[in-house]
Amino acid sequence: MRMLNEICLNEPLGSEKAFTRDQREIIIFFTLLYLWLSAGLPYNIMFDASHDDGRQMGQAISIVKGDWLGGYDNLTLAKGSFFPLLMAFCYFVGIPLLISMPVLYSLASLSFIKAIQPAVKRRWPLVAAYVLLLFNPAQYSSSVLRVYRDGWNNCILLLLLSGVIGLTCRKDRASLRGLLPWSVMSGIAGAAFWDTREEAIWILPVILGLSLLIMFSIFRGQRKHRLSRLFVLLVLPIFLWFLCVQAVCFVNWWNYGIWTLIETRSKNYSEALSLLVKAKTGEWRQYIACPRDTREKIYTASPVFAELRPFLESGRITAWKNISEGLIGVKDEYGTHFIWALRDAVAAAGYYKNAVSADAFYARLASELKGAYQKGIIEKEPGSVLGGLGQPFNLRHARLLSRSLVKGMNMILKLDGWNAPTMTSSIISGEGVYFNRDTRQLGNINIMPPSDVIIEGWSFISGEGSGEIVLERKDGKWINWSGFRVERDDVKEWLLTQGYDYPGSSNLGFVIEAAKLGKLENLYIRIKGRDGQEGLYDAAGQRWVEEPKLPILFKIDKVMDEDQVSLREILDKMRKTQLIRIATLYAYATKWLVFASLIVVTSVFIQRIRRKLFSCLVLPYICVMLYGVPILRLVLLALLEATTFPNSINDMYMSPAWVGLYGAIAVCIAFSCDMLPIEINGKTKINFKLHFKGGKTDRIH
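Under our numbering, read the sequence shown as residues 4 to 704, first letter to last.
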């Protein structure tokens, strides 16, 4: 084995040595295992989430029909169009949406390993890194298993990082033809990521850091092919990113008359919203960005904003106050939902009849607010506004920010708050997802264990809907259970025949999962209403034990114990159990892997800078940049939790952080194994190398 200062094992070599047959078989095995465990897991489908799932599913249907995002209203351009486009694409090519996410994530993980392949001499560490990245628990959390954009956003993020890292590892010696696929991947994935979530700007420092290394390499290298390499490595991906984004902007302009990707990024809307939340308030209260007393001042200063007064202070728009009260405990204030209340008020005033009139309204509002600030009619709150979403950040938020950072760090390193996938899909069309849910702690993971009993039925309380259902045991012992709503059109039709015309009657069905109940005779079902009426039902005897004061329509259609569960349900139970075990392993191992990788990266930087082996710092530098992903995501969410929205730090919003974290650990595994002073020869002979300050090397056989 040659000395470290004679050869740099981590210098990009431009060669992509193929995996051996055994290595390929292991990669295929773990890929199929991951797909079997995760593909087809139950998803939550919230049709009535008009601002989230329901809106984007409706837009996907419009795309399939050739109507772009549908008719224009105040929510049409509130969120990016990439996820509706992805759903429409899956429809046209015949790929089930529930399978598309694990397949896309598998391809993204493989692309990541291929990206760093030329910079790594040994192949077995790449296989280990692939498996680590593949089983990232963030991709099968119940919060991500929802027909919404976040799970697919993680896949796009990994493809974007793979493309840029692929260019970084091939920047010196790969041919232009070899660079082209990575350049195209970077540009298209970047545009898709930019169009998926509104706050996509947080990833730019990582992309810029990797691009600076590429730029340094271009201008330090030979002049002969400098322009061509500059074009393929930097100009082409930026151009494709820009071109794809502008193509969507063009389609929006063609259909709605406004050149923008997302309305929150349009100049007039973002400026008007920022000026509104910057107004100084009398009494500072967390999350209350534009309280009522401040709005009254703005009504006086801005005739345009005064047009919204009838809608913001009375009428159906005030329903957002009830939602905010449930989150922050403050009555009669919009709080965290002011941005949605503002949109609804502008729509109620008639300005969202088209995009041009809405944009003109925000332009006039911004102009009047700027004039009011200049004249001193309205004072500005000190601090800077985070995208116009909430309160300006100032010293009052510092303590709150530190608390959120600690909470987020525990979530990243210990998987605190990670939620296991459920066993039953939820189709929501009216009243919420869960009846009730008891959880227990396994390590740092909230889990619901595999079900031993499944109960299906429906319930109805006149004027209230289904009510709340609670499982109890006759002996009073604690049980672990979970309940989900399902659609029951047969119940809706039957209720109509009985004279009940309830709007949410199609959502009265339920599925209850319970674990380790013992005999079914020990099981009670308690049904509770909002006005205090309740009844206790014997599941095994199919009778009321305690009659409700008011009539409750209730029926159990099916009760299945372990002996009656179908083969598919047994397999679902097995898959969920294995995913929980894998996630538990990640929860215990992540903090130690991070600790070890940081020690390795720091020691490598110190050693190679001292020896002036700067070309050997490519992979360690990439590792450091990838650690920027969880840090930037954590800081962003901590700022949001301190200023804008409580519980912003959760496993759904935090899921991109784990993509970068396990990517950084994967890179560290790859280059640290190349550093090991161990060589196993054909005769299983092991050579150890000891390095001293003088640069000499002793060998011990």
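All C-beta atoms in this analysis are idealised placements derived from N, C-alpha and C, irrespective of residue type, glycine included.
Quick caveat, the model's predicted, so the values are computed rather than measured.
Looking at the secondary structure, which residues open and close the alpha helix (DSSP H) in which residue i lies?
i, result
"E299", "R295 to A304"
"I472", "No alpha helix (DSSP H) contains I472, which is instead part of the beta strand (DSSP E) from E471 to R476."
"L183", "L179 to T199"
"W127", "W127 to L137"
"E310", "Segment: none, E310 is in no alpha helix (DSSP H) and carries neither H nor E."
"A361", "A358 to K378"
"R229", "R229 to L233"
"M414", "A401 to K417"
"N156", "D153 to C172"
"E28", "R24 to S41"
"C93", "F85 to V96"
Look at residue i and residue j and say whether their C-beta atoms are less than 9 Å apart.
i, j, result
"I265", "G83", "yes"
"F242", "G190", "yes"
"L110", "G663", "no"
"T199", "L80", "no"
"A195", "L162", "yes"
"L622", "V209", "no"
"I625", "V670", "yes"
"G166", "S144", "no"
"P121", "R173", "yes"
"R288", "N77", "no"
"E202", "L639", "yes"
"L582", "L40", "yes"
"L38", "I102", "yes"
"N258", "Y75", "yes"
"I320", "A344", "yes"
"N157", "S658", "yes"
"L620", "G666", "no"
"L537", "R529", "The residue you asked about is not Leu; residue 537 is Glu in the sequence shown. Their beta carbons are under 9 Å apart, which means E537 touches R529 by this criterion."
"L725", "I30", "Because the chain spans 4 through 704 in this model, residue 725 falls outside it and cannot be assessed."
"T339", "F648", "yes"
"A358", "G512", "no"
"R232", "L182", "yes"
"G420", "D654", "yes"
"G69", "Q62", "no"
"I57", "I119", "Residue identity check: residue 57 is Gly in the sequence provided, not Ile. It is not a contact, given that the beta carbons lie outside the stated cut-off."
"R126", "T23", "yes"
Our contact map puts residue i next to residue j with C-beta atoms below 8 Å; I'd like the distance itself, whole angstroms only.
i, j, result
"Y354", "F341", "Not really, about 17 Å apart at Cβ, beyond 8 Å."
"R295", "E336", "7 Å"
"S407", "I652", "6 Å"
"A42", "P87", "In fact, because the Cβ distance is near 22 Å, the residues do not count as touching under 8 Å."
"S220", "D175", "6 Å"
"G532", "I464", "5 Å"
"P45", "P424", "7 Å"
"W197", "V248", "6 Å"
"V473", "V514", "Wrong, their Cβ atoms sit about 15 Å apart, outside the cutoff."
"A369", "A275", "4 Å"
"A21", "W661", "About 30 Å; that fails the 8 Å criterion."
"Y290", "I331", "5 Å"
Among the options, which one has its Cα closest to the Cα of residue i?
i, options, result
"A366", "C293, S277 and L404", "S277"
"E471", "G479, E516, S462 and R584", "S462"
"S600", "K417, I29 and A673", "A673"
"P395", "A304, E516, K373 and L642", "L642"
"P313", "V333, V349 and I515", "V349"
"L164", "L137, P140, W323 and A192", "A192"
"E516", "G538, I559, E459 and I634", "E459"
"T646", "P128, F245, G374 and L403", "L403"
"G502", "G69, E644 and L556", "L556"
"E550", "I559, R584, L539 and L574", "L539"
"S606", "W595, T587, A586 and V627", "V627"
"A309", "V238, G69 and E371", "E371"
"G212", "L637, D654, G631 and P649", "G631"
"I206", "F648, Q142 and L637", "L637"
"M188", "R152, W244, G154 and V307", "W244"
"I381", "L279, K417 and R476", "L279"
Assuming residue i is part of the beta strand (DSSP E), what are its boundary residues?
i, result
"I530", "L526 to K531"
"L539", "E537 to D541"
"V548", "R546 to E549"
Does the segment 589-596 touch the segment 490-501, meaning 3 or more C-beta pairs lie closer than 8 Å?
-> With fewer than three CB-CB distances shorter than 8 Å, the segment 490-501 does not count as touching the segment 589-596.
Answer yes if the segment 126-134 comes into contact with the segment 23-35, meaning at least three C-beta pairs across the two stretches below 8 Å, and no otherwise.
-> yes
Are the segment 238-258 and the segment 302-312 touching by the rule of at least three beta carbon pairs closer than 8 Å?
-> Flag = no, the segment 238-258 and the segment 302-312 do not touch.
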